[in-house]
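Chemist: Numbered by our numbering, the letters in the sequence shown go through residues 4 to 507 in order. Sharing a structure here in C-alpha cells format.
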Amino acid sequence: MAESCVIKYMKKLKIFGIVLLVLLVLGAAGGAGYFAWYYHTYVNIDEVYPGISIGGMDVSGLTKKQVQDKLDSYVADVSAETVTLKVGKKEKTVTMTDLGISCATPEVADQAYDLGKSGNVVERIRTVYGLTLDKKDYPISFSFDEKKAKKKLKKVEKKFLAKKKDATIKRKDGKFVITKEVNGIDMDLDKNADTIIAALTDPDWDQKALVSELDYTEDKAKHTKKELSAIKDILGTFTTSYSGSPSGRCVNVANGARLINDTLLYPGDSFSVHDAVTPFNEENGYRLAGSYENGTTVQTYGGGICQVSTTLYNAVLRSELEVLERSNHSMTVHYVKLSEDAAISGEDKDFRFKNSLKNPIYIVGSTDSDDETITFTIYGKETRDKDRSIEFISETLSTNPPSEKEIKDNTLEEGKRIVEKEGRTGYSARLWKVIHEKGKEDVREQINTSYYISTPREVRVGTKKKETKKDNKKKDQTKDKKEESAEKKSESANPDKKGAEEPE
C-alpha cells in the first residue's frame with residue numbers, strides 16, 4: 004500500500020512538472036493569452052470536470068443541479084428495486100422503500116461538482132488535467148431503517164407460514180370435487196429477516212433487486228389430491244325401502260343417511276355406525292319411532308336406524324370390505340332377507356367395518372322421499388377382474404313357529420277368543436357369498452349365521468259364564484230389597500221429602 008502511494012505521488016509530481024514546463028514554454032513564447040484562454044475554457048466552468056463519476060455514472064459536463072437530479076433519480080430507482088422472498092415455488096416481494104431505504108452518501112453530488120473548484124490556478128489546472136489520467140468515482144451507499152425493515156420482512160414471511168391440511172373430497176351434482184393438500188411451513192422469522200438485512204447492508208451489494216431463499220421447515224400433508232383422485236368407481240351399492248313407515252321412522256332413516264353421507268376412509272381406517280349416528284335424541288335430528296326391545300316393539304328416539312346400518316352393511320359386502328362387527332336383530336325385519344340385516348342397539352350391538360383396500364373409499368348415503376328408499380353407494384378404485392362377479396344368497400336353516408299364549412279375561416263371555424298380538428316366527432339362517440369367474444361359480448363362502456327368536460301369539464280368552472233366567476230373577480229381588488232399605492233410610496233422615504219421586 005505504501006508503494007502504491009509513492010507511485011501516485013510520483014505521478015502527480017510528473018504531471019505537475021509537465022504543467023510547469025508547458026507554462027514556461029507558453030510564457031517564454033508569449034503565450035500568457037493562451038493560458039488565460041485554457042483556464043477559462045476548461046477550468047473555470049460551472050460544470051463537473053471530465054473523468055468524474057458517481058456510483059459508476061458519468062456526471063462530467065453536468066451542472067450542479069443536473070448532478071443532484073441524476074443522483075436523486077438513481078436513489079429513486081434503487082428504492083423501487085425489490086426483495087423477492089422465496090419458499091419453494093412460492094414468491095412474495097417487497098420494495099426497498101418498504102424496508103426504509105435511504106441514501107447514506109447524499110453529499111457525493113456536491114463532492115463531484117466541487118472537485119477542482121477550489122485552490123489556486125495551478126492547483127485547479129493540475130486537478131483537472133490529472134482527471135484525464137486518473138478518473139474519480141464517488142461511491143453511493145445506502146442504509147436501512149432496520150426496525151422498519153425487520154417488521155416488514157417478518158410480516159411478509161408470515162404469509163408463507165401454513166398448517167398442513169390434507170386434500171379433501173366432496174361429491175357435488177354427481178361429480179367429485181377435490182381440493183389440493185397444503186404442506187405445513189414453519190420458519191424462524193427473525194433469523195430470515197436478519198439475513199436479508201445483512202445482505203442489503205453488505206458493501207458488496209450491487210444495489211440491484213435481491214432474491215432471498217428463506218430458510219424453512221416443511222411438514223408434508225399425509226393425504227394428497229393425487230391419492231383422492233383414485234376414487235372414481237362404484238365398488239358396491241344397495242337400496243332398501245321404508246315405504247309405509249310412520250313419519251317419525253321416515254325422518255330417522257333420512258337423518259341416519261345424512262350423518263353417514265360423505266364419509267371418507269383411507270386404507271386401514273375403520274368405521275362405526277353407532278359412533279357416526281349417535282346420540283339418539285331430538286337435538287341430533289331424531290324422532291320417536293318403533294324399536295325392538297326385549298322381544299317387543301317400543302317407541303324410542305332413533306327408531307328405524309337399523310335399516311340405515313343394514314343398507315350400509317349390504318353395500319359394504321358388495322364392496323368386499325372387511326366386516327369387523329355385525330349382529331342380527333332379535334326378531335326378523337321386513338326390508339331385507341334373513342341374515343342380510345345389521346342391528347344397532349346401544350353399546351351392545353354395532354356395525355363396524357374397515358377399509359381393507361389399498362386405496363381410499365368414499366361413502367354416499369341418500370334417501371328418496373318419493374320412492375321412500377334409502378341407498379348407500381361406496382366409491383373407490385376398482386381393481387377386481389371384470390370377469391369376476393359376486394352374489395349373496397340367504398339360506399334358511401330352521402323355522403320355529405310362534406307358540407300361543409292365552410290370557411284369561413273374566414269380562415269376556417266364556418268361549419270367546421280375541422287375538423291381542425300376532426306372534427312372530429323364529430328362524431336360524433346363514434348368508435353365503437358366491438364368487439363367479441367368467442359366469443361360473445368358483446367359490447362359496449359363508450358370511451354369517453343369524454338367529455331370530457319367535458314370539459308367542461297372544462289370545463284373550465273369555466271366562467265369564469252366560470247368565471240364566473233364574474239368575475236374572477235373583478238379581479231383581481236383591482235389587483228391590485236394596486232400594487226399599489235405601490228409601491226407609493231416606494225418610495227417616497229427611498221427613499219433609501217423604502213421597503218424593505225416585506230418580507230415573
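Yeah, the Cβ is synthetic: ideal placement off N, Cα and C, and Gly gets one too.
Could you tell me the boundaries of the alpha helix (DSSP H) in which Arg48 lies?
Modeler: As a position in the sequence shown, residue 48 is number 45, starting the count at 1. According to the sequence as given, residue 48 is Ile; it is not Arg. From DSSP, Ile48 is part of no alpha helix (DSSP H); its letter is neither H nor E.
Chemist: Distance, Cα to Cα, Gly187 vs Asp272?
Modeler: In the sequence shown, residue 187 corresponds to position 184, counting from 1. In the sequence shown, residue 272 corresponds to position 269, counting from 1. Those two C-alpha atoms are separated by around 23 angstroms.
Chemist: With H, G and I counted as helix, E and B as strand and the rest as coil, what does DSSP make of Tyr132?
Modeler: As a working note, residue 132 is residue 129 in the sequence shown. In the structure shown, Tyr132 sits in a helix (DSSP, three-state: H, G or I).
Chemist: When burial is assigned at 16 or more other CB atoms within 10 Å of the CB, is Thr314 buried or exposed?
Modeler: To locate residue 314, count along the sequence shown from 1; it is residue 311. Looking at its Cβ environment, which holds 16 or more other Cβ atoms inside 10 Å, Thr314 is buried.
Chemist: Rounded to whole angstroms, what's the CA-CA distance from Lys441 to Arg321? Just pull it up for me.
Modeler: Against the sequence shown, residue 441 aligns to sequence position 438. Against the sequence shown, residue 321 aligns to sequence position 318. Rounded to whole angstroms, Lys441 to Arg321 spans 18 angstroms at the Cα level.
Chemist: Less than 9 angstroms between the beta carbons of Thr303 and Gly293, yes or no?
Modeler: Counted from its first residue, the sequence shown places residue 303 at position 300. Counted from its first residue, the sequence shown places residue 293 at position 290. Yes, they are a contact pair.
Chemist: Could you please give the first and the last residue of the uninterrupted alpha helix (DSSP H) stretch that includes Ala279?
Modeler: Your numbering for residue 279 matches position 276 in the sequence shown. Per DSSP, Ala279 belongs to the alpha helix (DSSP H) from 276-280.
Chemist: Taking the alpha-carbon positions, what's the Leu327 to Phe356 distance?
Modeler: Taking the first residue of the sequence shown as position 1, residue 327 is located at position 324. Taking the first residue of the sequence shown as position 1, residue 356 is located at position 353. Cα to Cα, the separation comes out at about 5 angstroms.
Chemist: Can you say whether Glu184 is buried or exposed, counting buried as having 16 or more other CB atoms within 10 angstroms of its CB?
Modeler: The residue given as residue 184 occupies position 181 in the sequence shown. That one is buried.
Chemist: Please specify which runs of the alpha helix (DSSP H), each continuous and at least 4 residues long, are wholly inside the segment 110-155, giving them in chain order.
Modeler: 111-117, 124-134
Chemist: Beta strand (DSSP E) containing Asn403: first to last residue?
Modeler: Here residue 403 corresponds to residue number 400 of the sequence shown, with the count starting at 1. Note, Asn403: beta strand (DSSP E), 391-403.
Chemist: For Leu360, count neighbouring C-beta atoms within 10 Å of its own C-beta (all shown protein chains included) and say buried if the count is 16 or more, exposed if not.
Modeler: To locate residue 360, count along the sequence shown from 1; it is residue 357. Answer is buried; the Cβ neighbour count reaches 16.
Chemist: Following the continuous alpha helix (DSSP H) through Gly259, name the residue where it begins and the one where it ends.
Modeler: As a position in the sequence shown, residue 259 is number 256, starting the count at 1. Taken as a continuous stretch (DSSP letters only), the alpha helix (DSSP H) holding Gly259 covers 250-263.
Chemist: Go through its chain and collect everything with a Cβ distance to Thr100's Cβ below 8 angstroms, but skip five positions before and after it.
Modeler: Working through the sequence shown from its first residue, we reach residue 100 at position 97. Ser82, Ala83, listed in sequence order.
Chemist: How about Asp412 and Lys467: are their beta carbons less than 9 angstroms apart?
Modeler: Translated into positions along the sequence shown, residue 412 becomes position 409. Translated into positions along the sequence shown, residue 467 becomes position 464. Result yes, Cβ atoms of Asp412 and Lys467 sit closer than 9 angstroms.
Chemist: Run through the DSSP bridge pairs and tell me what Phe241 is partnered with.
Modeler: In the sequence shown, residue 241 corresponds to position 238, counting from 1. For Phe241, which the question treats as bridged, DSSP gives the partners Phe379.
Chemist: What does a CB cutoff of less than 8 angstroms around Gly33 pick up in its chain, not counting 5 residues either side in sequence?
Modeler: As a first step, residue 33 must be located in the sequence shown, where it is residue number 30. Here Gly33 scores only 49 on pLDDT, less than 50, and its place in the model should not be relied on; the value that follows carries that caveat. No residues qualify anywhere along the chain.
Chemist: Skipping 5 residues on each side, what residues in its chain have a beta carbon closer than 8 angstroms to that of Ile234?
Modeler: Position 231 of the sequence shown, counted from the start, is the residue given in the question as residue 234. So the qualifying residues of the chain are Ile172, Phe179, Asn362, Pro363, Ile364, Tyr365, Tyr382, Gly383, Lys384.
Chemist: Kindly give me the distance between the Cβ atoms of Thr102 and Ala152, rounded to whole angstroms, as I take these residues to be in contact under 8 angstroms.
Modeler: For the purposes of this step, residue 102 is taken as the residue at position 99 of the sequence shown. For the purposes of this step, residue 152 is taken as the residue at position 149 of the sequence shown. With the sequence shown as reference, residue 102 is identified as Leu, and Thr is not the correct amino acid for it. That belief holds up - the Cβ atoms of Leu102 and Ala152 are roughly 4 angstroms apart, short of 8 angstroms.
Chemist: What residue range is occupied by the uninterrupted alpha helix (DSSP H) comprising Thr314?
Modeler: Counting from one through the sequence shown, the residue named residue 314 turns up at place 311. Segment 308-322, the alpha helix (DSSP H) holding Thr314.
Chemist: On the CB-based measure, 16 or more other CB atoms within 10 Å of its CB, does Gln449 come out buried or exposed?
Modeler: Translated into positions along the sequence shown, residue 449 becomes position 446. It is exposed - the Cβ of Gln449 has fewer than 16 other Cβ atoms within 10 Å.
Chemist: Where does Glu160 fall in DSSP's three states?
Modeler: Taking the sequence shown and counting its residues from 1, the one referred to as residue 160 is at position 157. Residue state, collapsed to three classes: helix.
Chemist: For Glu444, which of helix, strand or coil comes out of DSSP?
Modeler: To locate residue 444, count along the sequence shown from 1; it is residue 441. Strand.
Chemist: Leaving out the 5 sequence neighbours to the left and right, which residues in its chain are closer than 8 angstroms to Ser250 when beta-carbon positions are compared?
Modeler: Numbered from its first residue, the sequence shown carries residue 250 at position 247. Leaving aside the five residues that flank Ser250 on each side, the residues in its chain whose CB is nearer than 8 angstroms to its CB run, in chain order, Arg290.
Chemist: Count the other CB atoms within 10 Å of the CB of Ser246; is the residue buried (16 or more) or exposed (fewer)?
Modeler: Working through the sequence shown from its first residue, we reach residue 246 at position 243. Residue burial is scored here from C-beta neighbours: Ser246 has fewer than 16 other C-beta atoms within 10 angstroms and is therefore classed as exposed.
Chemist: The alpha helix (DSSP H) with Lys73 in it runs from where to where?
Modeler: Position 70 of the sequence shown, counting from 1, holds the residue named residue 73. From DSSP, the alpha helix (DSSP H) with Lys73 extends over 67-83.
Chemist: Can you tell me which residues form a DSSP beta bridge with Ala212?
Modeler: Numbered from its first residue, the sequence shown carries residue 212 at position 209. None, per the DSSP bridge assignment.
Chemist: For Gln106, which residues in the same chain have their Cβ closer than 7 angstroms to its Cβ, ignoring the five residues on either side in sequence?
Modeler: Working through the sequence shown from its first residue, we reach residue 106 at position 103. In the sequence on display, residue 106 carries Cys and not Gln. So the qualifying residues of the chain are Val78, Ile143, Phe145.
Chemist: Given Ala318, which residues of its chain have a CB within under 6 angstroms of its CB, disregarding the five upstream and five downstream residues?
Modeler: Residue numbering aside, residue 318 sits at position 315 when the sequence shown is read from its first letter. Cβ contact annotation for Ala318 (same chain, cutoff 6 angstroms, sequence separation greater than five): Gly239, Thr240, Phe241, Phe379, Ile381, in chain order.
Chemist: Ignoring anything shorter than 3 residues, give me the beta strand (DSSP E) runs that lie fully in the segment 411-435, in order along the chain.
Modeler: Restricting attention to beta strand (DSSP E) runs no shorter than 3 residues, the segment 411-435 encloses them at 420-424, ordered along the chain.
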